[in-house]
Amino acid sequence: MSCEKQSPPELPGCQEANGPLDFQLRILSDPRLLAVVRCTVAEFAAVSGFKEDQCRSITLAVDEALSNIIRHAYNNRRDQEIEMRLHADIGCLEFTFVDRGEPLDRSKYCAQPLDAVALGGRGTHLIRQIMDEVVYERVSEGNRLRLKKYLPPARLTP
Amino acid sequence: MSCEKQSPPELPGCQEANGPLDFQLRILSDPRLLAVVRCTVAEFAAVSGFKEDQCRSITLAVDEALSNIIRHAYNNRRDQEIEMRLHADIGCLEFTFVDRGEPLDRSKYCAQPLDAVALGGRGTHLIRQIMDEVVYERVSEGNRLRLKKYLPPARLTP
Amino acid sequence: MTHLLDDKRDATPMKISTRELNGTTIVDVTGEIDMSTSPGFRTALLESLKKTPRLAVNLTNVRYVDSSGIASLVEVLKAARISDKRLVLFGLNEPVQEVLQLTRLTKIFEIRKTEKEALEV
Amino acid sequence: MTHLLDDKRDATPMKISTRELNGTTIVDVTGEIDMSTSPGFRTALLESLKKTPRLAVNLTNVRYVDSSGIASLVEVLKAARISDKRLVLFGLNEPVQEVLQLTRLTKIFEIRKTEKEALEV
Ligand SMILES: Nc1ncnc2c1ncn2[C@@H]1O[C@H](COP(=O)(O)OP(=O)(O)O)[C@@H](O)[C@H]1O
Ligand SMILES: Nc1ncnc2c1ncn2[C@@H]1O[C@H](COP(=O)(O)OP(=O)(O)O)[C@@H](O)[C@H]1O
Numbered sequence: 000m001s002c003e004k005q006s007p008p009e010l011p012g013c014q015e016a017n018g019p020l021d022f023q024l025r026i027l028s029d030p031r032l033l034a035v036v037r038c039t040v041a042e043f044a045a046v047s048g049f050k051e052d053q054c055r056s057i058t059l060a061v062d063e064a065l066s067n068i069i070r071h072a073y074n075n076r077r078d079q080e081i082e083m084r085l086h087a088d089i090g091c092l093e094f095t096f097v098d099r100g101e102p103l104d105r106s107k108y109c110a111q112p113l114d115a116v117a118l119g120g121r122g123t124h125l126i127r128q129i130m131d132e133v134v135y136e137r138v139s140e141g142n143r144l145r146l147k148k149y150l151p152p153a154r155l156t157p
Numbered sequence: 000m001s002c003e004k005q006s007p008p009e010l011p012g013c014q015e016a017n018g019p020l021d022f023q024l025r026i027l028s029d030p031r032l033l034a035v036v037r038c039t040v041a042e043f044a045a046v047s048g049f050k051e052d053q054c055r056s057i058t059l060a061v062d063e064a065l066s067n068i069i070r071h072a073y074n075n076r077r078d079q080e081i082e083m084r085l086h087a088d089i090g091c092l093e094f095t096f097v098d099r100g101e102p103l104d105r106s107k108y109c110a111q112p113l114d115a116v117a118l119g120g121r122g123t124h125l126i127r128q129i130m131d132e133v134v135y136e137r138v139s140e141g142n143r144l145r146l147k148k149y150l151p152p153a154r155l156t157p
Numbered sequence: 000m001t002h003l004l005d006d007k008r009d010a011t012p013m014k015i016s017t018r019e020l021n022g023t024t025i026v027d028v029t030g031e032i033d034m035s036t037s038p039g040f041r042t043a044l045l046e047s048l049k050k051t052p053r054l055a056v057n058l059t060n061v062r063y064v065d066s067s068g069i070a071s072l073v074e075v076l077k078a079a080r081i082s083d084k085r086l087v088l089f090g091l092n093e094p095v096q097e098v099l100q101l102t103r104l105t106k107i108f109e110i111r112k113t114e115k116e117a118l119e120v
Numbered sequence: 000m001t002h003l004l005d006d007k008r009d010a011t012p013m014k015i016s017t018r019e020l021n022g023t024t025i026v027d028v029t030g031e032i033d034m035s036t037s038p039g040f041r042t043a044l045l046e047s048l049k050k051t052p053r054l055a056v057n058l059t060n061v062r063y064v065d066s067s068g069i070a071s072l073v074e075v076l077k078a079a080r081i082s083d084k085r086l087v088l089f090g091l092n093e094p095v096q097e098v099l100q101l102t103r104l105t106k107i108f109e110i111r112k113t114e115k116e117a118l119e120v
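Protein chains in written order, with numbering that gives the first Met the number 0: chain A, 0 to 157; chain B, 0 to 157; chain C, 0 to 120; chain D, 0 to 120.
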């Protein structure tokens with residue numbers, strides 16, 4: 000709780016609550032769930048201290064990442080498993096996605112220039128523009144994507 | 000997508016999309032995550048066809064159930080694991096919670112009458128009033144709570 | 000505004016501030032009242048009540064309240080009755096009204112629509 | 000309104016309807032445009048475009064659009080150019096504007112604030 004103190008003396012009741020936050024999801028690659036994940040991510044980012052416009056763009060990046068997994072790693076199959084981890088620590092949000100589908104062809108990542116006439120190729124650009132770190136890895140379980148976003152320094156000190 | 004057809008001829012593009020929906024969560028018993036779970040549940044219920052006021056009360060019931068697990072099963076410890084499953088099938092939503100804490104003392108479930116002066120005892124009443132089925136079970140992993148809510152029949156046929 | 004990952008903020012966004020008007024203390028509450036914020040809500044109301052004969056709680060911007068928030072309100076009502084003070088709630092939107100109805104408490108509290116009505120003696 | 004678990008509804012809530020005004024077809028879109036709803040969005044716009052010389056897309060009630068929705072709009076713009084028709088977008092709120100900015104498409108589309116402006120020739 001953040002207490003705005005407009006009237007002296009100070010209002011009591013600002014609960015101490017800190018430490019990392021962790022939220023794990025396991026969903027099927029069903030596009031109908033994207034809207035649910037967006038709500039989860041937007042609120043997780045808000046609870047972690049990000050402002051509304053930042054929550055919005057972070058949510059967009061996560062949605063693009065998930066859509067790409069469904070579309071490209073799983074070729075639009077709706078019954079494949081995706082694991083997600085939302086993690087917040089001092090000043091930083093991290094999202095991890097694990098799938099068991101096709102790996103990323105690195106030559107295609109942000110390969111298409113942002114261009115008025117192209118019909119696709121914008122998802123990876125959006126992810127890269129919004130997030131501070133974007134790491135695609137091949138791990139034993141399959142493909143892992145990690146996205147990191149740092150809280151702007153101005154907001155670290157209230 | 001639901002296409003409202005205000006102008007003939009019919010607009011195309013109503014995608015076929017059906018079948019059950021499934022969403023699994025694993026969180027720590029940290030009350031800061033309640034707000035995130037509420038967003039997830041509200042949108043999951045909306046995507047499953049429940050109306051706004053129903054989504055709101057379903058979300059309240061889930062929040063009360065989770066709060067009770069944190070407060071009573073885990074005695075307010077914040078570092079214990081809770082698993083949740085959100086499941087939607089034709090006309091029905093089901094929420095399953097698994098914890099490894101203290102089991103429910105059945106003599107306390109809805110034991111306190113709804114009474115103006117009582118300081119507690121309302122959570123289980125709210126859950127029972129809102130949900131159609133409430134089942135507390137002892138399973139090998141610990142305690143399992145299942146909540147079911149049926150979609151009002153009027154909404155099954157558009 | 001502080002944020003969650005500092006050490007002075009509880010996760011669910013809730014803000015409380017107080018004002019004085021014609022001998023009534025008005026507490027403006029914003030956000031969601033649940034298990035993580037209701038302890039702060041409760042303490043703020045009880046502290047304000049100590050210093051005023053009339054407490055009006057503005058719930059216009061409260062978009063969620065659960066049974067722990069309701070329990071806090073009941074506790075403040077009890078404290079008000081014991082000390083012969085007055086507690087008024089106003090600006091209840093639908094989610095808040097629904098919870099009060101489900102817990103059968105709509106008639107226990109003095110509830111007003113607007114701040115103006117809440118300030119009438 | 001149908002619901003998701005029927006067989007004729009796609010999950011993310013999106014609604015589309017069309018109107019005619021002074022020779023312009025106005026498509027009113029409500030909801031979120033993402034991977035699950037953009038195919039319907041795309042088809043509805045392309046079908047409407049076939050039957051009109053001027054298409055105006057009302058995005059006032061679109062609270063979310065991702066790259067698949069943007070791709071649909073680009074496709075409709077291309078189709079309009081090929082057939083020498085006009086496409087106007089109006090009522091863009093912040094989330095929609097932001098995505099167009101991030102994808103550097105704000106100058107490609109004919110964008111108007113209000114419906115009135117969108118209808119001006
Ligand atoms: N998660 C992923 N798994 C496999 N391939 C991917 C993934 N994400 C992106 N790609 C590849 O990168 C390309 C560019 O992606 P993107 O910029 O999102 O545009 P689009 O999805 O419209 O093609 C995709 O066409 C695909 O080949
Ligand atoms: N998940 C649970 N695990 C263990 N005990 C529980 C659980 N949920 C409820 N209880 C018991 O039921 C009682 C009534 O719960 P409730 O009606 O929510 O009121 P309150 O939480 O205010 O006591 C609790 O005091 C507790 O003893």
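Where is the CB? At the ideal position from N, CA and C, for every residue including glycine.
In this structure residue 61 of chain A is not in contact with residue 97 of chain A, their Cβ atoms being roughly 14 Å apart against a cut-off of 8 Å.
Taking a beta-carbon distance threshold of 8 Å, residue 103 of chain B does not count as an interface residue toward chain A. Contact with chain A is found for residue 98 of chain D, since one of that chain's Cβ atoms lies less than 8 Å from the residue's Cβ. Excluding the 5 residues flanking it on each side, residue 29 of chain D has same chain C-beta neighbours closer than 6 Å at 14 and 60, in chain order. At least one beta carbon of chain B lies nearer than 8 Å to the beta carbon of residue 26 of chain A.
DSSP, read as helix, strand or coil, puts residue 57 of chain D in strand. Residues of the stretch 116-150 of chain B with a C-beta less than 8 Å from any C-beta of chain C: 116, 117, 118, 119, 121, 122, 124, 125, 128 and 129, listed in chain order. Membership of residue 23 of chain D in the beta strand (DSSP E) is indicated by the continuous run 23-32. Burial is judged here by how many other beta carbons sit within 10 angstroms of a residue's own beta carbon; residue 138 of chain A has fewer than 16 and is exposed. By the beta-carbon neighbour count (other beta carbons within 10 angstroms, threshold 16), residue 31 of chain B is buried. Scanning the stretch 87-117 of chain D from its first residue to its last, the whole alpha helix (DSSP H) runs of 4-plus residues come out as 93-101. At a cut-off of 7 Å, the beta-carbon of residue 73 of chain B does not count as near ligand 1: no heavy atom of the ligand is closer than that.
Residues of the stretch 54-67 of chain A with a C-beta atom less than 9 Å from some C-beta of chain D are 55, 56, 58, 59, 62, 63, 65 and 66, listed in chain order. Counting the other CB atoms within 10 Å of its CB gives residue 47 of chain B a total of 16 or more, which places it among the buried residues. Residue 77 of chain C and residue 116 of chain B have their C-alpha atoms roughly 7 Å apart. Between residue 54 of chain C and residue 79 of chain C, the C-beta gap is smaller than 8 Å, which places the two residues in contact.
Pairing residue 71 of chain C with residue 111 of chain C gives a Cβ-Cβ distance that is not under 8 Å. When secondary structure is reduced to three states using DSSP, residue 142 of chain A falls in the strand class. For the pair residue 42 of chain B and residue 102 of chain B, the Cα-to-Cα distance works out to about 30 Å. With 16 or more other CB atoms across the displayed protein chains lying within 10 angstroms of its CB, residue 39 of chain D is buried.
Rounded to the nearest whole angstrom, the C-alpha separation of residue 124 of chain B and residue 57 of chain B is 13 Å. Inter-residue distance for residue 130 of chain A and residue 49 of chain C is about 49 Å (C-alpha atoms, whole angstroms). Taking 8 Å as the upper bound for CB-CB distance, residue 98 of chain C and residue 64 of chain C are in contact here, some 5 Å apart. Between residue 20 of chain B and residue 87 of chain B a beta carbon distance of about 4 Å is seen, short of the 8 Å cut, so the two are scored as contacting.
Using a Cβ-Cβ cut-off of 8 Å, residue 26 of chain C does not count as an interface residue toward chain B, since no Cβ of chain B sits closer than that to its own.
Closer than 7 Å to some heavy atom of ligand 1: that does not describe the Cβ of residue 81 of chain A. Annotation for residue 92 of chain D: 58, 59, 61 and 62 place their beta carbon closer than 8 Å to its own, counting only its chain and skipping 5 residues before and after. Bounds of the alpha helix (DSSP H) holding residue 80 of chain D are 66-81. Taking the CA atoms as reference points, residue 152 of chain A sits about 18 Å from residue 128 of chain A.
Apart from the 5 residues on each side of it in sequence, residue 91 of chain B sits with its Cβ closer than 8 Å to the Cβ of 147, 148, 149 and 150 in its chain, given in chain order. Ligand 2 never approaches residue 28 of chain B closely enough for any of its heavy atoms to be under 7 Å from the residue's Cβ.
Distances taken from the Cβ of residue 66 of chain C to the heavy atoms of ligand 2 include one shorter than 7 Å. For residue 97 of chain B, no alpha helix (DSSP H) run applies; the uninterrupted beta strand (DSSP E) run containing it begins and ends at 91-98, by DSSP. Between residue 30 of chain A and chain D, the shortest Cβ-Cβ separation is below 8 Å. Taking a 10 Å sphere around the C-beta of residue 75 of chain A, we find fewer than 16 other C-beta atoms and assign the residue as exposed.
Per DSSP, residue 22 of chain B lies in no alpha helix (DSSP H); the unbroken beta strand (DSSP E) holding it starts and ends at 20-27.
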